[in-house]
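This report concerns only the one structure given below.
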Amino acid sequence: MNTSIIYAVFCFICFASVAMAAPKQLAQYPDELTRNGHVVILPDHGTVYIVSDLHADWDDFNRWLQRTNLVARIQVGEDVYGLILGDAVDYKPDEPRHPPYGDTQIIDTVIELRKQLGDKGSRLIYIRGNHEFAAADAYAMLKRQGMTTQNRDQFIRSLYDSPLGSYYEQFNFIERMTDAHYDFLMNLPTVVIAKNGFVGIHAGPPRSIKNLTDLIDPSPKTLDEILWHRPIITYSGGYTLKHIDKFLTAVHANLLIVGHTPIQYFPVKNVRDGIATFGDKQLIFSTGYGGLPGVPTYIEIDLGKTYPSVHTLKLGVNIHHLHDKTEKPLTD
Numbered sequence: 124m125n126t127s128i129i130y131a132v133f134c135f136i137c138f139a140s141v142a143m144a145a146p147k148q149l150a151q152y153p154d155e156l157t158r159n160g161h162v163v164i165l166p167d168h169g170t171v172y173i174v175s176d177l178h179a180d181w182d183d184f185n186r187w188l189q190r191t192n193l194v195a196r197i198q199v200g201e202d203v204y205g206l207i208l209g210d211a212v213d214y215k216p217d218e219p220r221h222p223p224y225g226d227t228q229i230i231d232t233v234i235e236l237r238k239q240l241g242d243k244g245s246r247l248i249y250i251r252g253n254h255e256f257a258a259a260d261a262y263a264m265l266k267r268q269g270m271t272t273q274n275r276d277q278f279i280r281s282l283y284d285s286p287l288g289s290y291y292e293q294f295n296f297i298e299r300m301t302d303a304h305y306d307f308l309m310n311l312p313t314v315v316i317a318k319n320g321f322v323g324i325h326a327g328p329p330r331s332i333k334n335l336t337d338l339i340d341p342s343p344k345t346l347d348e349i350l351w352h353r354p355i356i357t358y359s360g361g362y363t364l365k366h367i368d369k370f371l372t373a374v375h376a377n378l379l380i381v382g383h384t385p386i387q388y389f390p391v392k393n394v395r396d397g398i399a400t401f402g403d404k405q406l407i408f409s410t411g412y413g414g415l416p417g418v419p420t421y422i423e424i425d426l427g428k429t430y431p432s433v434h435t436l437k438l439g440v441n442i443h444h445l446h447d448k449t450e451k452p453l454t455d
């Protein structure tokens, strides 16, 4: 074979190998709602309304849907999205639990609304938090040990009475979870990232990722950091401002919104308008458990706008108090 042809074939193979190995960048995804593994990509247009840490508060979930008029707006084709940043399941151990159970209602409603909305149902986005992850993991463990619908109470009582009982009581959705709920939780994405540079995860930035590909199929360590970590100003050994900057740089983003860490954990200087900030690039909030008393909050992000700092997010425009009667309802 002619040496020039051999060289050309060799170059083509090398080029193809490099192209296949090169991580896909955010800008290379289509400008539409897309899911790739654990990641949901949002386009550079539309509006997303975000809640977090509802922890079985059915009333607050409903209030969010009502204040945003989200379902009706999706139905008529408005360019809007709803985003639950995890921890919609599990009552806190000291909270009373009685039917109808709020977390069951929230999940069943999300599943049903997605069916009703058809192709538009993907606009109602629910990503996993540490409680969705741990509750599903505990449920699978109990099923492997022989738990059935008939003996569930006995299995869970034994689990709660074990040396690790106080840990597992946090994830009490196992008392109500069905196989359908388990399948739903196991299929949840873990990260939302928009072309305007907004990223939504449940807890903290992963420290060691190099690019977006590392989020599509995250390692156990990366998943642990996304779902469980807290900032250093609230938790010894937690993530720092450098970790946030490194993460955002790796995925070509500039704004991180999370839940997970209760607002009262933060120094007073970091709290405003019912939310907390950590540096210029991270906002922390809660719509349910962990929010400031009496100030459940949801967040509105314009996907067509770039936010250079969390300090440009304003009360009544981006930061909304769920029960603020002085704020004009979005549906008026």
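Heads up: the sequence shown at position 43 corresponds to 166 in this note's numbering, and the numbers run straight through without jumps. We treat Cβ as the ideally placed atom computed from N, Cα and C, and that holds for glycine. Quick caveat, the model's predicted, so the values are computed rather than measured.
Just curious, the alpha helix (DSSP H) that His304 is in, first and last residue?
Asp302 to Met309
Is there a Cβ from chain D that is less than 8 Å from the Cβ of Ser359?
Looking for chain D here will not work: only one protein chain is present.
Does the Cβ of Gly413 have 16 or more other Cβ atoms within 10 Å, making it buried, or fewer, making it exposed?
buried
Identify which residue in Ser281, Leu346 and Pro216 has its Cα closest to the Cα of Ala179.
Pro216
Sequence ranges, beta strand (DSSP E) only - wholly within the segment 313 to 385, length at least 3:
314 to 317, 321 to 323 and 378 to 381
Determine the closest residue to Ile367 out of Gly397, Lys392 and Ile332, with distance taken between C-alpha atoms.
Ile332
Does the beta-carbon of Val314 have 16 or more other beta-carbons within 10 angstroms, so that it is buried, or is it exposed?
buried
Run through DSSP, which three-state label would Thr454 get?
Only weak support exists for where Thr454 lies, its pLDDT of 40 falling under 50; the value from the coordinates is given anyway. Thr454 falls in the coil class under three-state DSSP.
From the DSSP output, which residues share a beta bridge with Val174?
Ile207
Per the DSSP calculation, Leu438 is bridged to which residue(s)?
Ile442
Pairs of beta-carbons, one from the segment 284 to 296 and one from the segment 216 to 229, closer than 8 Å: are there three or more?
yes
Taking its Cβ as the centre, do 16 or more other Cβ atoms sit within 10 Å of Leu287, making it buried, or is it exposed?
exposed
Inspect the CB distances between the segment 220 to 239 and the segment 268 to 278 and report whether three or more fall short of 8 Å.
no
Find the nearest neighbour of Lys365 within the set Thr410, Thr301 and Lys404, judged by alpha-carbon distance.
Lys404
Sub-8 Å separation of Thr157 and Asp202 beta-carbons
no
Buried or exposed by the 16-neighbour rule on C-beta atoms within 10 Å, applied to Gln431:
Reading the sequence as shown, one finds Pro at residue 431 and not Gln. Answer is exposed; the Cβ neighbour count stays below 16.
Buried or exposed (CB count within 10 angstroms, at least 16 for buried), Thr400
buried
Would Ser359 be called buried (16 or more neighbouring beta carbons within 10 Å of its own) or exposed?
exposed
Given a cut-off of 8 Å on the beta-carbon distance, is the pair Ala326 and Arg353 in contact?
yes
Do Pro419 and Leu445 count as a contact pair if the criterion is CB distance below 8 Å?
yes
Express the C-alpha separation of Asp167 and Tyr152 in angstroms, rounding to a whole number.
11 Å
Going by alpha carbons, who is nearest to Thr384 out of Leu282, Ile398 and Asn441?
Ile398
How would you label Pro343, buried or exposed, when you count the other beta carbons within 10 angstroms and need 16 or more for buried?
exposed
Length of the line joining the Cα atoms of Gly323 and Val381
6 Å
So, with DSSP's three-state summary, where would you put Val132?
No answer about Val132 holds up, because its pLDDT of 43 lies below 50 and its placement is not dependable.
To which residues of the same chain is Asp183 closer than 7 Å at the C-beta, ignoring the five residues directly before and after it?
Leu177, Thr410, Gly411, Pro419 and Leu445
On the DSSP bridge assignment, give the partners of Glu423 in chain order.
Tyr172
Does DSSP put Phe294 in a helix, a strand or coil?
helix
What did DSSP end up calling Arg388 once you bin it into helix, strand or coil?
For clarity, residue 388 is Tyr in the given sequence; the question names Arg instead. Three-state DSSP puts Tyr388 in a helix.
Helix, strand or coil at Leu149 [DSSP, three-state]:
helix
Return the bridge partner residues of Ile248 from the DSSP annotation.
Leu206
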